[in-house]
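**Q** Pasting a structure here, questions to come.
Number of protein chains: 2
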Amino acid sequence: MPSARRPHAVTITDVAREAGVAVSTVSRALTNPDRVNVVTREHVQQVAARLGYRASPAARALGTGRTATLALVLPDITNPYFAGLIRGAERQAEATGHILVIGDSEENARAEARMVERLAPGVDGFLLGSSRLTDARILQFDAAMPVVLVNRRVPAVTSVSPDQQGGTRQIVEHLVALGHRRAIFLAGPPESWLGRQRWAGISSAAKKHGLKVKRLGPYHPSVEGGLLAGEAALADGATAVIAHNDLMAIGALKRMKARGVSVPGDVSIVGFDDIFGADFCDPPLTTLSDRTEQAGRSAVDLLVALVREQARLEHDAPADIVAPTQLVVRGSTGPAPAPPLPTTPGSS
Amino acid sequence: MPSARRPHAVTITDVAREAGVAVSTVSRALTNPDRVNVVTREHVQQVAARLGYRASPAARALGTGRTATLALVLPDITNPYFAGLIRGAERQAEATGHILVIGDSEENARAEARMVERLAPGVDGFLLGSSRLTDARILQFDAAMPVVLVNRRVPAVTSVSPDQQGGTRQIVEHLVALGHRRAIFLAGPPESWLGRQRWAGISSAAKKHGLKVKRLGPYHPSVEGGLLAGEAALADGATAVIAHNDLMAIGALKRMKARGVSVPGDVSIVGFDDIFGADFCDPPLTTLSDRTEQAGRSAVDLLVALVREQARLEHDAPADIVAPTQLVVRGSTGPAPAPPLPTTPGSS
DNA sequence: TTGAAAGCGTTACCAG
DNA sequence: CTGGTAACGCTTTCAA
């Protein structure tokens, strides 16, 4: 009794037999058309089409060592911020003849490393989005296989990241222009490189402009985290709040609303990412926008190039794309409120 | 000069040599542990671990005909509604030892079919989410490989779908209780089974409750589509609007706001899906909620079972999970406004 | 330009 | 319980 496996529908051998040529000729006619006589080639191609032949990816991978599959690993698939990245990556993967597999690390470095190791044998390379891994671990993976970082930069590793320096400067200048003198930065996970860049950029720009900024956190980079963070921000009493990302900003917004605090009357809020919803929350969110779909496409292109280079044992200098960011000013930021009369010290 | 392929790091042969046993024994020790003597097994496993052995998915797939890979195809990866489905599917895929590949059909039946055909040779089965294909095409795919439908039912095909009949009843009763007498349904794509169910359920419940409902559309199931749809709804003058999904509802909401129409003062709006953002738009959206992450998990479980059945040539009756839905009442629905004094006919 | 045949890494069958 | 050895389907030398 034959084993109950699903046989690969129609194989190259079927095509070869039907076309009256050797399998090697079929292989060539289909993958290296120029290495085959025109009439042979067309004949083979027709037969293949007629029979509905589809090459077995497994067999091809076994022979070539390449799977035509790319992996995209993210800390939180449900964060709308990543939707654009996923779509961009998926489209470009398809355009370059690749399949995209997806992995969620749940904001967890260990899970991310496990995911990479689990996926590694079956893919040609990795797109690591907002990786929570250490630089050392990333370098280690990068040494073993093609890796492109998105939203992260590590020396000597190919990457695509949004310009945080310019972005944070825009934010700070916007707030200063509105008369704010004290701001709070609600920090996300310490593992977030983008978060660290944001804090660094804000601190530096703030110093330059005489804005006092205090960092609170870390908080989980979600609406729930923003709820907590918003509470803490309220207690501090700054007139401007810069959240690690829009999810947190929206959470903070919710909390302000619940507490009867007017945004932007009493406090202004700024986020990062310009995610779905940032334009229709109440008030709409002022936020730093970047083109995630484009980043996804670029990242795939870079990764595909890396895979090819590896196959040829060549090595270009790693590319480092820094994509522009743009502050989208909406209703959540406004002029700083007039400072309250200072309470006499000791009168409490 | 050796070809520049990436060799599969450490193979079963390496392990066999190092452990002093045959490759077949290694294979068994690792995949059918009970078919091997305890001490041999443990020895082999240790050696494999020490060498960092990872089976080649390609080689395994070639031999067994199974890839341990599942595909999830969706009409729009960026619709937040699908985020939960993606996450649920991804988690359960991981839990069952599978890899999840993702495909976006861009609301296009032809693209969806192409995607399925493109992915088919490399996966064990398909999760078709909100498929835009015809029943006939789905049956055709289902005959050729394991398929689980999500958000769609087709006779004899395994599926997981939210209870639209109960859901639409809840919506209609809610509106009727608020005193609405005329409503508009803003339709999505005709290819959407869920959309057709929604219209059917609403019509039927409306008739029962004496609510007049008119259908407008079809519109693209996006915020942009909702903008257009909202305009049309305004022109019609009904007091309640039921949108194909939350994306459209939010678009309609935006348009109302822009037109100075009060929601829910002048018109109430109801959506479907309870997506991210439905709770913080202005006003928050009354919408029919379903558990997408759970649906994703269930769908993967069903698909894995199908794959196993196929391998054993067994065939259970196809499962049809209908998951409960729940109306989440928020600020976008309220009492119907008092009817305006009827204008005298002919006085225009 | 084409054919024959040697892998690629696993699994599964068949002996022993 | 274990070893040897065909497959699995394709690519890629190597010859002709």
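Just so you know, the sequences run in chain order A and B. Just so you know, we're using UniProt numbering here: the first sequence kicks off at 1 and counts up by one. Just so you know, we're using UniProt numbering here: the second sequence kicks off at 1 and counts up by one. Cβ coordinates follow ideal geometry from the N, Cα and C atoms, glycine included.
Would you check whether the ligand SAM has a heavy atom nearer than 7 Å to the C-beta of K254/B?
**A** The ligand SAM is not among the ligands present in this structure, which contains no ligands whatsoever.
**Q** Taking 8 Å as the CB-CB cut-off, is I242/B touching chain A?
**A** Working through the second sequence from its first residue, we reach residue 242/B at position 242. With 8 Å as the cut-off, I242/B does not count as an interface residue toward chain A.
**Q** Can you pull the chain B neighbours of H8/A, defined as C-beta to C-beta under 8 Å?
**A** Translated into positions along the first sequence, residue 8/A becomes position 8. Ordered by position in chain B, the residues that pass the 8 Å Cβ test against H8/A are G65 and P121.
**Q** Excluding sequence positions up to five away, which residues of its chain have a Cβ less than 8 Å from the Cβ of Q294/B?
**A** Within the second sequence, numbered from 1, the residue matching residue 294/B stands at position 294. If we look at Q294/B and ignore the five residues flanking it on each side, its Cβ neighbours are G88 and A323.
**Q** Which runs of the beta strand (DSSP E) at least 3 residues long sit entirely within the region 68-146 of chain B? Give them in chain order.
**A** DSSP runs (the beta strand (DSSP E)) wholly in the region 68-146 of chain B: 69-74, 99-104 and 125-129.
**Q** Within the chosen definition, does the region 68-76 of chain A reach the region 90-108 of chain A through at least 3 CB pairs nearer than 8 Å?
**A** Yes: at least three Cβ pairs fall under 8 Å.
**Q** State the DSSP-derived secondary structure class of T239/A, mapped to helix, strand or coil.
**A** Reading the first sequence from its first residue, position 239 is the one you call residue 239/A. Three-state result, T239/A: coil.
**Q** State yes or no: is the C-beta of T78/B within less than 8 Å of the C-beta of G260/A?
**A** Residue 78/B sits at position 78 when you count from the first residue of the second sequence. Residue 260/A sits at position 260 when you count from the first residue of the first sequence. No, these two residues do not count as a Cβ contact at 8 Å.
**Q** Does the structure place the region 132-142 of chain B close enough to the region 263-270 of chain B that three or more beta carbon pairs sit under 8 Å?
**A** These segments do not touch.
**Q** Go ahead and pull the three-state DSSP assignment for I202/A.
**A** Within the first sequence, the letter at position 202 stands for residue 202/A. Residue state, collapsed to three classes: helix.
**Q** Can you round the beta-carbon distance between R41/B and A29/B to whole angstroms, since I take them to be within the 8 Å contact cut?
**A** Numbered from 1 along the second sequence, position 41 holds the residue referred to as residue 41/B. Numbered from 1 along the second sequence, position 29 holds the residue referred to as residue 29/B. 5 Å between Cβ atoms; contact.
**Q** Leaving out five residues before and five after I250/B in sequence, what residues of the same chain have Cβ atoms less than 8 Å from its Cβ?
**A** Here residue 250/B refers to the residue found at position 250 of the second sequence. Same-chain partners within the cutoff: V223, G226, G271, G277, A278, C281 and L285.
**Q** Distance check for T25/A and R60/A, CA to CA, integer angstroms please.
**A** Within the first sequence, numbered from 1, the residue matching residue 60/A stands at position 60. Within the first sequence, numbered from 1, the residue matching residue 25/A stands at position 25. Straight-line Cα distance between these residues: approximately 15 Å.
**Q** If Q92/A and V307/A are in contact, beta carbons under 8 Å, what's the gap, nearest whole angstrom?
**A** Within the first sequence, residue 92/A is the residue found at index 92, counting from 1. Within the first sequence, residue 307/A is the residue found at index 307, counting from 1. Not quite, the Cβ-Cβ distance comes to about 13 Å (not below 8 Å), so this is no contact.
**Q** Closer than 8 Å by beta-carbon distance: list the chain B residues that pair up with T333/A, in chain order.
**A** Here residue 333/A refers to the residue found at position 333 when the first sequence is read from its first residue. Ordered by position in chain B, no residue passes the 8 Å Cβ test against T333/A, which lies about 17 Å from the chain.
**Q** Closest to T158/B by CA distance: which of L133/B, A305/B, R215/B and P221/B is it?
**A** Reading the second sequence from its first residue, position 158 is the one you call residue 158/B. For T158/B, the nearest C-alpha among the options comes from A305/B.
**Q** Could you tell me which chain B residues have their CB closer than 8 Å to the CB of E90/A, listed as they occur along the chain?
**A** If you number the first sequence from 1, residue 90/A lands on position 90. Within 8 Å Cβ-Cβ: I77, I102, G103 and D104.
**Q** Could you tell me whether any Cβ in chain A is nearer than 8 Å to the Cβ of D282/B?
**A** Locating residue 282/B in the second sequence gives position 282, counting from the first residue. Taking Cβ atoms only, chain A reaches closer than 8 Å to D282/B, which makes this a yes.
**Q** Are the Cβ atoms of H174/A and L303/A separated by less than 8 Å?
**A** Along the first sequence, read from residue 1 onward, the residue named residue 174/A stands at position 174. Along the first sequence, read from residue 1 onward, the residue named residue 303/A stands at position 303. Result no, Cβ atoms of H174/A and L303/A do not sit closer than 8 Å.
**Q** When the cut-off is 8 Å and only beta carbons count, does R5/B lie next to chain A?
**A** Indexing the second sequence from 1 puts residue 5/B at position 5. Note on R5/B: pLDDT 48, under 50, position unreliable in the model; the coordinate value appears next. Yes, its Cβ sits closer than 8 Å to a Cβ of chain A.
**Q** At what residues does the beta strand (DSSP E) containing G271/A begin and finish?
**A** Position 271 of the first sequence, counted from the start, is the residue given in the question as residue 271/A. Run containing G271/A: S268 to D273, per the beta strand (DSSP E) assignment.
**Q** Would you report the Cα separation of V116/B and L253/B, rounded to the nearest angstrom?
**A** Taking the first residue of the second sequence as position 1, residue 116/B is located at position 116. Taking the first residue of the second sequence as position 1, residue 253/B is located at position 253. Approximately 36 Å, taken between the alpha carbons.
**Q** Compare the Cα-Cα distances from P162/A to each of T67/A, T134/A, S289/A and A22/A and report the closest residue.
**A** Position 162 of the first sequence, counting from 1, holds the residue named residue 162/A. Of T67/A, T134/A, S289/A and A22/A, the residue nearest in Cα terms is S289/A.
**Q** Take I184/A as the anchor and find which of L211/A, Q170/A and P121/A has the nearest alpha-carbon.
**A** By one-based count along the first sequence, residue 184/A stands at place 184. Nearest option by C-alpha distance: L211/A.
**Q** Against chain A, with Cβ distances strictly below 8 Å, would K208/B count as a contact?
**A** As a first step, residue 208/B is located in the second sequence; it is residue number 208 there, counting from the start. For K208/B, the answer is no, since every Cβ of chain A falls outside 8 Å of its Cβ.
**Q** Going by DSSP, name the residue or residues bridged to P264/B.
**A** Along the second sequence, one-based indexing puts residue 264/B at 264. According to DSSP, P264/B bridges with nothing at all.
**Q** Cβ of L62/A less than 8 Å from any chain B Cβ?
**A** As a first step, residue 62/A must be located in the first sequence, where it is residue number 62. It does: the Cβ of L62/A has a partner Cβ on chain B nearer than 8 Å.
**Q** If I measure Cβ to Cβ from P190/B and keep anything under 8 Å in the same chain, skipping five residues before and after, which residues do I get?
**A** Start at 1 with the first residue of the second sequence, and residue 190/B comes out as number 190. Closer than 8 Å at Cβ, skipping near neighbours: R196 and P218.
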